[in-house]
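Reading the sequence shown from the start, the letters are residues 1 to 618 in UniProt numbering.
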Amino acid sequence: MEPSKRRRIRTPSPVYNLDEEDDAYVPYIPVQQRRQEKLAKLSSLGVNSDKSNTRKVQEELDEREDAQREEEVRREKARKERTLLLEAQEVHLKKAAEDSKKTAGEKAQEIDAEILEAIKSRRKLASDMELAQGIQYTEPLKTSWRPPRYVRERSPEQDQKLREKYHIVVEGDDIPPPIEHFQDMKIPDPILEYLRSNRIVSPTPIQLQGIPVAFSGRDIIGIAFTGSGKTLAFCLPLIMMSLEEETKLPFVRGEGPVGIILCPSRELANQTYDNVVTWCSALAKDGKYPQLNSLLCIGGISMNEQSHVFNKGIHIVVATPGRLIDMLEKKRFTFNNCKYLCMDEADRMIDLGFEDDVRNIMSFFKNQRQTLLFSATMPKKIQDFARESLIKPVLVNVGRAGAANLDVLQVVEYVKQEAKMVYLLECLQKTPPPVIIFSENKNEVDDIQEYLLLKGVEAVAIHGSKSQEERRYAITSFKSGAKDVMVASGVASKGLDFNDIQHVIIYSMPKEIEDYVHQIGRTGRSGKTGIATTFVNMNTPEQTLLDLKYLLMEAGQKVPPFLSTIEDPRAAQIRSGSITGCPVCGGLGHGISNCPKLEDAQRRQMASHRTADDGGGY
């Protein structure tokens, strides 16, 4: 009886994805080709004559081939079962094992670094044309100004010693030397006489280093506490640049401006404009120098009122972003020859609220410009962004960015919400007027003013919902002394300069510590001292109180017992010296992972997305 033949099992050929890497991958060879290779091998061995042996060897090879194919199918099945989820779990376990070896401080730093990288601006602060065409400027603007010979001949060690004397920290390449006297800065005599008449005899630290840097045509990031004279440091270089251009060839209608000063609020723009007009008038007083024309470009006022400026050439424009964009789009003037851009309170200008407007304004520039950024609070995120956007910038820092003015005595008191109004009257007795009261709530601002008026206190109020006329009246009457108290929202906290303010009352503590620094900075200006009284209670977030506690400790102020008892969850990191403050807002009491400023920005962003998805609403 003929032995039964073993039936071969036909299995489908495995399919390999050649795009994937697999260490066990074996290239596929067609069956017919493999059989021919086997027959050729058998022929070479001289076994073709023996058919039975050939058949036997063929069956053995077939069995071996079937086993090999079954192994390939098994491996392919196992490979397919290895899902992305399993791989992700393995990566997670590996990362967890690595994280277990790290300290809490190292973990927190890594989380903060990831968040900072996620929110980091990807586009530089440049015009759309420059970004599209890949235009990059590598050298700063050239100017005709040079410091006196004796200053130029000083050694770098002498310059550094002078900076240390005034507690000035600088960063950058080829930094211009500091100059201790206005006369040595080669400022015209009429301006020097005006400064002396207002008891401004010698430059403040930010002016001592900042003005020479700006005169040299360098981009600058200027950081100094409130009331330190930053306005003069960025206005004077623009006045001198405009004077030089006017002297070369007088401006006619349609020409200009030479430079632009951007401000985040109308009140700050108005104040800066008044200063510029005053200094330009002092310059042209004796007729030795030409009159420079300035334009105020803010919302709430009619531009037709300044038609006399448009009939001449414009040298200097002081503006808020919204109205400036409107004027540029209407081509009332152009930036064809504009080569000076300054942003006051620059951290607010570059922040999420204004960044798109600033980029829009940048798109109107046709040539390279000198860029100056000034503020009392300049978080690390904004500093890093500015360094990437400016051309060989010089960082001039007087004190820590975001630190409180040391000339202000900070008093923090625990006052229950229902007792605030009554205690407010007691606080007003601490010092003679004028006094500023800050509240974060517009309705609360109106309530405080009404209460004070009922008690016979001459008070005015200012907040964002009031008309431009009401806001101007409030500031004018308060500055002139006609009113004793001004109740304000955050709109009056940025950069506004009021004479002889001895007392600031923070009725409701702002959530962001930056706002607190600006608010208390309305007093203790220009070397004078002042008092800041702050009300806190159970409604104040603990994180804000922690920021306040560290700010008081840094300034050497008295920390009340209820603040001393607040414990920082990052105590171990603080002891190790690994905490430098939040890079987004500069607060010392928290990290970027729980920054109120970042949370607020994200909420606004989500709200804008929802509005867009809903078609804008009605």
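Every residue, glycine too, gets a C-beta built ideally from N, C-alpha and C. All of these numbers come straight from a predicted model, not from anything done at the bench.
Assigned with DSSP and collapsed to three states, Ile325 falls in helix. A Cβ-Cβ distance of about 13 Å is found for the pair Ile566 and Leu551, leaving them out of contact under the 8 Å criterion. Looking at Arg34, Glu71, Val73 and Lys77, the one whose alpha-carbon comes closest to that of Gln58 is Arg34. In the structure shown, the three-state DSSP call for Asp547 is helix. Around the beta carbon of Pro176, 16 or more other beta carbons sit within 10 angstroms, so the residue counts as buried. Taking the C-beta atoms as reference points, Leu390 is found nearer than 7 Å to Asp219.
Residues of the same chain with a CB within less than 6 Å of the CB of Trp145, apart from the 5 flanking positions on each side, are Phe215 in chain order. Beyond the five residues adjoining it in sequence on each side, Ala284 comes within less than 6 Å, by CB distance, of Gln291 in the same chain, given in chain order.
Looking at the DSSP output, Tyr340 shares a beta bridge with Gly259 and Gln370.
For Ile350 against Arg323, the beta-carbon gap comes to about 19 Å, at or over 8 Å, which does not count as contact.
Going by C-alpha positions, Gln370 is about 19 Å away from Ser294.
Annotated as distal: Ile239 and Leu373, with beta-carbon spacing of 7 Å or more.
The count of Cβ pairs closer than 8 Å, one atom from the stretch 402 to 421 and one from the stretch 464 to 471, stays below three, leaving the stretches out of contact. Secondary structure note for Gly530: its beta strand (DSSP E) is the uninterrupted segment Gly530 to Val536.
Shown here for Leu61: same chain residues with a beta carbon closer than 7 Å to its own, the five before and five after excluded, namely Lys38 in chain order. Rounded to the nearest whole angstrom, the CA to CA distance from Met509 to Ser526 is 25 Å. The C-beta of Met538 has fewer than 16 other C-beta atoms within 10 Å across all chains shown, which makes the residue exposed. Tyr166 carries a coil assignment under DSSP once its states are collapsed to helix, strand and coil. Under DSSP, Phe438 forms a beta bridge with Ala488 and Ile506. Taking the CA atoms as reference points, Pro393 sits about 46 Å from Val415. When rounded, the separation of the alpha-carbon atoms in Leu424 and Phe438 is 12 Å. The alpha carbon of Arg266 has as its nearest neighbour, out of Glu554, Ile301 and Pro257, the alpha carbon of Ile301. Setting aside the 5 residues that flank it on each side, Leu496 is surrounded in the same chain by Glu267, Leu268, Gln271 and Arg522, each with a C-beta closer than 7 Å to its C-beta; the list follows chain order.
If you look at Gln410, you'll find it in the beta strand (DSSP E) that goes Val408 to Tyr414. Beyond the five residues adjoining it in sequence on each side, Phe364 comes within less than 6 Å, by CB distance, of Leu328 and Phe335 in the same chain, given in chain order. DSSP places Ala346 within a helical segment (H, G or I) once states are collapsed to three. Taking the Cα of Leu141 as reference, the smallest distance to any Cα among Ile316, Ile361, Ile531 and Leu341 is reached at Leu341.
Listed in chain order, the non-local C-beta contacts of Ala532 below 6 Å within the same chain comprise Val408, Gln410, Val504 and Ile520, local neighbours out to five positions each way being set aside. Residue burial annotation: His315 is buried, with at least 16 other C-beta atoms found within 10 angstroms of its C-beta.
When the Cα atoms are used, Ala233 and Ile206 turn out to be separated by approximately 7 Å. With respect to the C-alpha of Val277, the residue from Lys288, Thr247, Pro250 and Val309 having the closest C-alpha is Val309. Lys455 and Met486 have their C-alpha atoms some 15 Å from each other.
Ser202 and Glu180 have their C-alpha atoms roughly 7 Å apart. Collapsing the DSSP output to three states places Leu238 in a helix. Annotation: Phe385 to Ala482 spans about 44 Å, alpha carbon to alpha carbon.
No Cβ-Cβ contact shorter than 7 Å links Leu452 with Ala461.
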